[in-house]
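For the sequence shown, the positions run 1 to 339 when this note's numbering is used. All remarks here apply to the structure that follows.
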Amino acid sequence: MKVPSLEGTVITIKSNQKEAKKCYENSLKTKRGVFAVTTKPPREEGVTRAEIAWERRPEPAEEVLEREIGGKMFRLGKSLGQETRDQITEVIARHLDAFAWSSLDMPDIDPDFLCHHLTMDPQVQPVRHRRRKFNDERRQVIREETQKLLSAGHIREIQYPEWLANVVLVKKANRKWRMCVDFTNLNKAYLKDSYPLPSIDALVDSASGCRLLSFLDAFSGYNQIMMHLRDECKTAFMTDLSCYCYKVMPFGLKNAGATYQRLMDRVLAPMLGRNVQAYVDDIVVTSQQREQHVADLEELFTIIAKYRLKLNLEKCVLRVEVGKFLGFLLTEHGIEANP
Numbered sequence: 001m002k003v004p005s006l007e008g009t010v011i012t013i014k015s016n017q018k019e020a021k022k023c024y025e026n027s028l029k030t031k032r033g034v035f036a037v038t039t040k041p042p043r044e045e046g047v048t049r050a051e052i053a054w055e056r057r058p059e060p061a062e063e064v065l066e067r068e069i070g071g072k073m074f075r076l077g078k079s080l081g082q083e084t085r086d087q088i089t090e091v092i093a094r095h096l097d098a099f100a101w102s103s104l105d106m107p108d109i110d111p112d113f114l115c116h117h118l119t120m121d122p123q124v125q126p127v128r129h130r131r132r133k134f135n136d137e138r139r140q141v142i143r144e145e146t147q148k149l150l151s152a153g154h155i156r157e158i159q160y161p162e163w164l165a166n167v168v169l170v171k172k173a174n175r176k177w178r179m180c181v182d183f184t185n186l187n188k189a190y191l192k193d194s195y196p197l198p199s200i201d202a203l204v205d206s207a208s209g210c211r212l213l214s215f216l217d218a219f220s221g222y223n224q225i226m227m228h229l230r231d232e233c234k235t236a237f238m239t240d241l242s243c244y245c246y247k248v249m250p251f252g253l254k255n256a257g258a259t260y261q262r263l264m265d266r267v268l269a270p271m272l273g274r275n276v277q278a279y280v281d282d283i284v285v286t287s288q289q290r291e292q293h294v295a296d297l298e299e300l301f302t303i304i305a306k307y308r309l310k311l312n313l314e315k316c317v318l319r320v321e322v323g324k325f326l327g328f329l330l331t332e333h334g335i336e337a338n339p
């Protein structure tokens, strides 16, 4: 719907056309010339949701350098001196047990410490999907991804499942396929975990004004949390070869984000709000003093290794001065406009 513009007005189009029209008519009657707009920005052609989500990931907003350790590359702020780079490399070398190089390097979080439960509504009947057909290219992708999950010990074969879902292929930001499971019916059948997520405003305020930042990324973070043994069978899905279920917490479950935030709050409790900010799987180490940052990183690596949480070194960016966090640009001067 086209809305004629008025001089000096601020115009936004509501997603509901009737509401937009009503809002516009009211603005004419009151002669205020201003009416509110709430609408989703148009998505560029060919841009996926995964790519949009990728734009919101924590990342540096300055030039970085790459260094190698253990055959893997990691990134450092370019403004570092040689002595500081060597210090950070030494810290990583001392704490290589805090990182994973592949899915086989993940011992998984102790299920006695935390695992993922599905509290089912007893009145809901199990749902078994009809088998979905895929072309040859997608079938090959599904076979390859299934084999990777089997090799990593993330899934197991299952017989006579009550719940059974189809797989779905989604394009990632790098244009490769990601295999997901359609848990729509399962998500409707169990109760919502109302575990509170942190306030984004509070996190950004706490992280802003810090001299140095380090952005850390967990290695397949959700898959490091075990499913409760009695709930594994509910995550069953089918392929053209067999039926499988997850032994670890998969993507797509309704309460997965709440469970992961609970893990972060427990593991990082000694550091949260002091020198670490965490929103689900977005982790930022913050230091008010430059000379303190190496010690803050070492403290974090020691803690996560204790709980067997593994980071992805290739996606970590250490010791930068400016970075994007939860959609905001953080600098030592505070919060600035994100270009």
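Quick reminder that beta carbons are idealized off the backbone N, C-alpha and C, glycines included.
State the Cα-Cα distance for the pair residue 198 and residue 253, rounded to the nearest angstrom. 20 Å
Taking the alpha helix (DSSP H) that residue 91 falls in, what are its first and last residues? 82 to 94
Expected contact under 8 Å - CB spacing of residue 106 and residue 98 to nearest Å: 12 Å between Cβ atoms; not a contact.
What does residue 99 pair with, by DSSP beta-bridge criteria? 311
CB of residue 154 within 7 Å of CB of residue 248, strictly: yes
Can we say the stretch 219 to 238 touches the stretch 287 to 298, given the rule of at least three CB pairs closer than 8 Å? no
Those residues which DSSP pairs with residue 148 across a bridge: DSSP, once it has assigned bridges, lists no residue as partnering residue 148.
Roughly how many angstroms lie between the CA atoms of residue 240 and residue 234, to the nearest whole one? 19 Å
Alpha carbon of residue 277 to alpha carbon of residue 75, nearest angstrom: 20 Å
The ligand GTP heavy atoms versus the CB of residue 280: any closer than 6 Å? The ligand content of the structure shown is nil, which means the ligand GTP is not present either.
Are residue 66 and residue 73 close, meaning C-beta to C-beta below 7 Å? yes
From what residue to what residue does the beta strand (DSSP E) around residue 282 run? 282 to 287
Under the assumption that residue 165 contacts residue 124 (Cβ atoms under 8 Å), give the Cβ distance between them as a whole number of angstroms. Actually they do not touch by this definition, with Cβ atoms about 15 Å apart.
CB-CB length for residue 157 against residue 243, believed under 8 Å: 7 Å
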